[in-house]
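Trainee:
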Amino acid sequence: MPEPGFALSRPSRTRKWVVGLVVLVVLAGGAYWIFGKPPGGAAPGGFGARGAAMGFAKVPVKIAVAQSEPINVVLKAIGTVTAYNTVTVNSQVAGQLKKVAFQDGQKVQAGDLLFQIDPRAYQVQLDQALGQQKQNQAQLDNARRDLQRYQLLYKQNSIAKQQVDTQAALVQQYLGSQKSDQAAVDSARLQLSYTQITAPISGRVGFRSVDEGNLVSTSSTTGLVVITQTQPISAIFTLPQSQLAQVLEQMRAGQTLRVDLYDRDDIKKLATGELMSVDNQIDVATGTVKFKARFANEDEALFPNQFVNVRLLVSTQAGAVVIPTAALLQGSIGGFVYVVDDGNKVHIQPVTAGTIDGARVAIVKGLEAGQKVVTEGVDRLKEGAEVEVVTPEAQAEVARKADEAKKAAKPARGGPAGGRRH
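Following UniProt numbering, the numbering of the sequence shown begins with 1 at its first residue and continues without gaps.
1. Within the chosen definition, does the segment 350 to 365 reach the segment 65 to 85 through at least 3 CB pairs nearer than 8 Å?
2. What is the residue span of the beta strand (DSSP E) that T221 lies within?
3. Residue ranges of each beta strand (DSSP E) run of no fewer than 3 residues wholly in the segment 153 to 198, ordered along the chain?
4. For V171 versus Y150, is the C-beta spacing smaller than 8 Å?
5. With a threshold of 7 Å (Cβ to nearest heavy atom), would Q106 be considered close to the ligand MN?
6. Give the list of continuous alpha helix (DSSP H) stretches no shorter than 4 residues that lie fully inside the segment 94 to 153.
7. How big is the Cα-Cα spacing for L360 and T316?
8. Is DSSP giving K365 helix, strand or coil here?
9. Give a yes or no on whether the C-beta atoms belonging to K290 and D279 are separated by under 8 Å.
10. Return the CA-CA distance between S217 and Q96, expressed in angstroms with no decimal places.
11. Once DSSP output is grouped into helix, strand and coil, what is the label at Q229?
12. Return helix, strand or coil for D403, following the three-state DSSP convention.
13. Taking C-alpha atoms, which residue in Q135, G377 and A408 lies nearest to P60?
14. Nearest to K134 by CA position, among G213, S242, K345 and V185, is which residue?
15. May I ask you to list the residues that DSSP assigns as paired with E274?
16. Going by other Cβ atoms of all chains shown within 10 Å of its Cβ, with 16 needed for buried, is V93 buried or exposed?
17. Use the C-beta contact count for G273: other C-beta atoms within 10 angstroms, 16 or more gives buried, fewer gives exposed.
18. Taking contact to mean 3 or more Cβ pairs, one atom from each stretch, closer than 8 Å, check whether the segment 220 to 227 and the segment 194 to 211 are in contact.
19. Taking the beta carbon of G79 as the centre, do at least 16 other beta carbons fall within 10 Å, making it buried, or is it exposed?
20. Are the beta-carbon atoms of A271 and S234 separated by less than 8 Å?
21. In terms of residues, what are the limits of the alpha helix (DSSP H) holding V247?
22. Pull up the distance between the alpha-carbon of D146 and that of L130, whole angstroms please.
23. Within 10 Å of its beta-carbon, does N309 have 16 or more other beta-carbons around it, so buried, or fewer, so exposed?
24. Using 8 Å as the threshold, is the C-beta distance between A408 and T375 below it?
25. What's the gap between the Cα of D283 and the Cα of V81?
26. Spatial neighbours of V389 within its chain, please: C-beta separation below 6 Å, excluding the five flanking residues on both sides.
27. Please report the residue range of the beta strand (DSSP E) in which F372 lies.
28. Relative to the alpha-carbon of A77, which residue among Q191, K58, L239 and I197 has its alpha-carbon at the smallest distance?
29. Quick one: measure Cβ to Cβ for Q109 and A369, integer angstroms, because I've assumed they're closer than 8 Å.
30. Taking DSSP as the reference, what is the three-state secondary structure of A57?
31. Please state the DSSP three-state secondary structure of Q241.
32. How many Å lie between L126 and G105 at the Cα?
33. Kindly indicate which residue of T288, F303, I348 and G343 has the alpha-carbon position closest to the one of I83.
34. What's the C-alpha gap between M276 and D263?
35. Buried or exposed for D379, going by 16 or more other Cβ atoms inside 10 Å?
As structure tokens, then:
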């Protein structure tokens, strides 16, 4: 004979199953009533529509009202972020690298010291040039004094004119040497200055290709380090040649065209900038044209060679008939929407879509402002089907009933424990 506690627990378990089943039915029924979409029912008059006709007298749907409002004309493209300027830093003199004055990846300003090459050999060359210059300067000064004496003696008829002319020519010779000496000094001083390699632009340095102690030369093909300017930064993207005319029209009119960049998934907005230039030719292989935009990149959200989605705002279309993109469907008849009439019946309405701006689309033909279109529940519709418009209040009512069912199930959970106490 079973123990009393065990025998009494079975009805309690049954009650739990019954209450749980009731909760599931309420939740599933409410969700299906509002959001349910039988798989496979997509086209007008398809399997979904027949299932709806069999299961519901009225098909629950959500609607939106077509509005007459401005909509942005946006051209979409894919692009790549590029450094605004890129410089490969090379050495202009040969020698041993004595110092690296930066850390890899560091930001630098134009004029900052990057590398120091051993300057001693170039200092010696400068000293030699300065010594030669002083020597020749002394000879020039002496020749000028002799010329002055010769000119005085000539006036006294003490020497011949030829001797004066010879001395004057010697002075000119030393003057020429003086210019050569100055050029040699300037060259030596310039070579010495090249031993300090500074940043030609502001930006971020990459990984250096040579370490301290190595000999560097002027014939390196890889350079010592690369600097990329990222503030500002550029993005290059392409558009079909068919869209070139509308962009050029705005540029010729002096309009500043806004460019927005989004991440690889086209979800998160990264930066806003402006269109700077258009390439001078069309790529015959792809039929596209390159464009370049500029971005301040103050937060450094953009990085060279980063893949981005581009949205170019060309203009704003005023007074367009706009509906949610969810209402626009495609079928064998092309683009269409389900229009809800005053009797809450739906009708298939072919439309011609225009500009798409995010979650909105402009309808060029086939729809007027004020008409109601279905945005959710289209899979269960067919021509002439009667619908029930689901309002936010109705959704809240379903949620309330589900909560009540959950609360009603809580007391029953203590049943088995009470049964075992008998």
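Ideal Cβ positions, reconstructed from N, Cα and C, are used throughout, including at glycine.
Predicted, not measured: the structure shown is a model, and the values here were computed from it.
Mentor: So, to answer that:
1. yes
2. Position 221 of the sequence shown, counted from the start, is the residue given in the question as residue 221. T221 -> no beta strand (DSSP E), and no H or E assigned at all.
3. 196 to 198
4. The count along the sequence shown starts at 1 and reaches residue 171 at position 171. The count along the sequence shown starts at 1 and reaches residue 150 at position 150. The answer is no: Cβ separation not under 8 Å.
5. Only the bare structure without any ligand can be found here, which leaves the ligand MN out of the picture.
6. none
7. Translated into the one-based positions of the sequence shown, residue 360 becomes position 360. Translated into the one-based positions of the sequence shown, residue 316 becomes position 316. Looking at the sequence itself, residue 360 is Arg, so the reference to Leu does not match. Their backbone Cα atoms lie some 13 Å apart in a straight line.
8. To locate residue 365, count along the sequence shown from 1; it is residue 365. If DSSP states are grouped into helix, strand and coil, K365 belongs with the strands.
9. Position 290 of the sequence shown, counting from 1, holds the residue named residue 290. Position 279 of the sequence shown, counting from 1, holds the residue named residue 279. Their beta carbons are under 8 Å apart, which means K290 touches D279 by this criterion.
10. As a working mapping, residue 217 is identified with position 217 in the sequence shown. As a working mapping, residue 96 is identified with position 96 in the sequence shown. The alpha-carbon atoms of S217 and Q96 are separated by roughly 9 Å.
11. Translated into the one-based positions of the sequence shown, residue 229 becomes position 229. Three-state DSSP puts Q229 in a strand.
12. Taking the first residue of the sequence shown as position 1, residue 403 is located at position 403. D403: helix per DSSP, three-state reduction.
13. Position 60 of the sequence shown, counting from 1, holds the residue named residue 60. Closest option to P60, Cα to Cα, is G377.
14. Position 134 of the sequence shown, counting from 1, holds the residue named residue 134. Ranking the options by Cα distance to K134, first place goes to V185.
15. If you number the sequence shown from 1, residue 274 lands on position 274. Note: E274 sits in a beta bridge opposite R258 and R294.
16. As a working mapping, residue 93 is identified with position 93 in the sequence shown. That one is buried.
17. For the purposes of this step, residue 273 is taken as the residue at position 273 of the sequence shown. Under this definition G273 is a buried residue.
18. yes
19. Against the sequence shown, residue 79 aligns to sequence position 79. G79 should be labelled buried.
20. Start at 1 with the first residue of the sequence shown, and residue 271 comes out as number 271. Start at 1 with the first residue of the sequence shown, and residue 234 comes out as number 234. It is not a contact, given that the beta carbons lie outside the stated cut-off.
21. Here the question's residue 247 lines up with position 247 in the sequence shown. Per DSSP, V247 belongs to the alpha helix (DSSP H) from L244 to R252.
22. The residue you call residue 146 lines up with position 146 of the sequence shown. The residue you call residue 130 lines up with position 130 of the sequence shown. Distance between the alpha carbons of D146 and L130 is about 25 Å.
23. If you number the sequence shown from 1, residue 309 lands on position 309. Burial call: buried.
24. For the purposes of this step, residue 408 is taken as residue 408 along the sequence shown, with counting starting at 1. For the purposes of this step, residue 375 is taken as residue 375 along the sequence shown, with counting starting at 1. No, Cβ-Cβ distance for A408 and T375 is not below 8 Å.
25. As a working mapping, residue 283 is identified with position 283 in the sequence shown. As a working mapping, residue 81 is identified with position 81 in the sequence shown. Looking at the two C-alpha atoms, the distance is approximately 20 Å.
26. Counting from 1 along the sequence shown, the entry for residue 389 is found at position 389. These residues qualify, in order along the chain: I63.
27. Walking along the sequence shown from the start, residue 372 turns up at place 372. Correcting the residue type first, residue 372 is Lys in the shown sequence and not Phe. Element bounds for K372: K372 to E376.
28. If you number the sequence shown from 1, residue 77 lands on position 77. Ranked by Cα distance from A77, the options Q191, K58, L239 and I197 are led by L239.
29. As a working note, residue 109 is residue 109 in the sequence shown. As a working note, residue 369 is residue 369 in the sequence shown. About 56 Å separates the two Cβ atoms, so there is no contact after all.
30. As a working mapping, residue 57 is identified with position 57 in the sequence shown. Looking at A57 - three-state DSSP - the assignment turns out to be coil, as it is neither helix nor strand.
31. As a working note, residue 241 is residue 241 in the sequence shown. Reduced to three states, the DSSP call for Q241 is helix.
32. As a first step, residue 126 must be located in the sequence shown, where it is residue number 126. As a first step, residue 105 must be located in the sequence shown, where it is residue number 105. For the pair L126 and G105, the Cα-to-Cα distance works out to about 35 Å.
33. The count along the sequence shown starts at 1 and reaches residue 83 at position 83. It should be noted that the sequence gives Ala, not Ile, for residue 83. With distances taken between Cα atoms, A83 lies closest to F303.
34. Within the sequence shown, numbered from 1, the residue matching residue 276 stands at position 276. Within the sequence shown, numbered from 1, the residue matching residue 263 stands at position 263. Straight-line Cα distance between these residues: approximately 21 Å.
35. The residue given as residue 379 occupies position 379 in the sequence shown. The residue is buried, with at least 16 neighbouring Cβ atoms inside 10 Å.
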